[in-house]
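Novice:
Numbering (our numbering), first residue to last: 140 to 386.
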């Protein structure tokens, strides 16, 4: 199995490059035209990655969503799964998320045991990722569904040590998330301290609604800034976000 996407991410991070990832939750897509428009705007703006996933996926649109994205753009599609049902071979890769900020064994290893045989048979590039929930000011879907408590936003040392432990365990990337619908993004101080303690790529998402917030996350140390809700409401924002992150 070729590690093309991870290799690209590592090379870009090694050069100090910043990337913008568009997060698409199939449950939030009202119609196919909306998704096609988002894909076209992502391509035109130069977005680097498209993540697909959500906490539930209740509308049966998951597979069709990925199919449409692959038809409309050449941007790599990475699965961002909320459960083991969110696996589709038409994507390019999957973030194999281990929720290292919590103490729920199912989210640390249990669900992975069930998913591993399916992934082994697939052609998906598997990217082992340490997933860390950070308090974004309210109870988010992922916190509720995973039955875990987020790391407090003012406890940057806990976040840094957690990320470092993830890297020492062999995880290839770290994803810090304030969660969908977070009231505020992850503080710059926390991002900065985590990045200073690890040498692997850092995804940061949740609560990022403006180009200014995206730029602040990138400047603080995020290698890949992830934006979802804001783009759902206004896809034309993608170009401004890309410019902000890469400036």
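Don't be surprised by glycine CBs; every beta carbon is placed ideally from N, CA and C.
Only a predicted model underlies this, so the values are computations on that prediction, with no experimental measurement involved.
So residue 268 is in the beta strand (DSSP E); what residue range does that whole segment cover?
Specialist: For the purposes of this step, residue 268 is taken as residue 129 along the chain shown, with counting starting at 1. Residue 268 -> beta strand (DSSP E) spans 264-272.
Novice: Name the DSSP bridge partner or partners of residue 316?
Specialist: Here residue 316 refers to the residue found at position 177 of the chain shown. According to DSSP, which records beta bridges pairwise, residue 316 is partnered with 272, 344.
Novice: Name the residue from 279, 297, 332 whose alpha carbon lies nearest to the alpha carbon of residue 321.
Specialist: Mapped onto the chain shown, residue 321 falls at position 182. When only C-alpha atoms are compared, the closest one is 279.
Novice: Quick check on this structure: which residue in 242, 239, 267, 210 has the alpha carbon closest to the alpha carbon of residue 233?
Specialist: As a first step, residue 233 is located in the chain shown; it is residue number 94 there, counting from the start. Closest option to residue 233, Cα to Cα, is 267.
Novice: Over the uninterrupted alpha helix (DSSP H) stretch that includes residue 143, give me the two end residues.
Specialist: Taking the first residue of the chain shown as position 1, residue 143 is located at position 4. It spans 143-153 - the alpha helix (DSSP H) in which residue 143 sits, taken as one unbroken run.
Novice: Tell me, please, which residues DSSP counts as bridged to residue 158.
Specialist: As a first step, residue 158 must be located in the chain shown, where it is residue number 19. 363.
Novice: Using the DSSP secondary-structure output, state which residues sit across from residue 235 in a beta bridge.
Specialist: Within the chain shown, residue 235 is the residue found at index 96, counting from 1. Partner(s): 267.
Novice: Would you check if the region 204-219 and the region 162-181 touch, i.e. whether three or more CB-CB distances between them fall below 8 Å?
Specialist: Result yes; three or more Cβ-Cβ pairs closer than 8 Å.
Novice: Does the beta-carbon of residue 191 have 16 or more other beta-carbons within 10 angstroms, so that it is buried, or is it exposed?
Specialist: By one-based count along the chain shown, residue 191 stands at place 52. By the neighbour-count rule (16 or more Cβ atoms within 10 Å), residue 191 is buried.
Novice: Once the 5 residues before and after residue 148 are set aside, which same chain residues still bring their CB inside 6 Å of it?
Specialist: For the purposes of this step, residue 148 is taken as residue 9 along the chain shown, with counting starting at 1. Once the five neighbours on either side are set aside, the close Cβ partners of residue 148 are 340.
Novice: Please report the Cβ distance between residue 241 and residue 288, rounded to the nearest whole angstrom; I am assuming they are in contact, meaning their Cβ atoms lie under 8 Å.
Specialist: Residue mapping note: residue 241 aligns to position 102 of the chain shown, counting from 1. Residue mapping note: residue 288 aligns to position 149 of the chain shown, counting from 1. Yes, they are in contact, since the Cβ atoms of residue 241 and residue 288 sit about 7 Å apart, within 8 Å.
Novice: Quick check on the DSSP output: the alpha helix (DSSP H) that includes residue 223 runs from which residue to which?
Specialist: Translated into positions along the chain shown, residue 223 becomes position 84. Segment: none, residue 223 is in no alpha helix (DSSP H) and carries neither H nor E.
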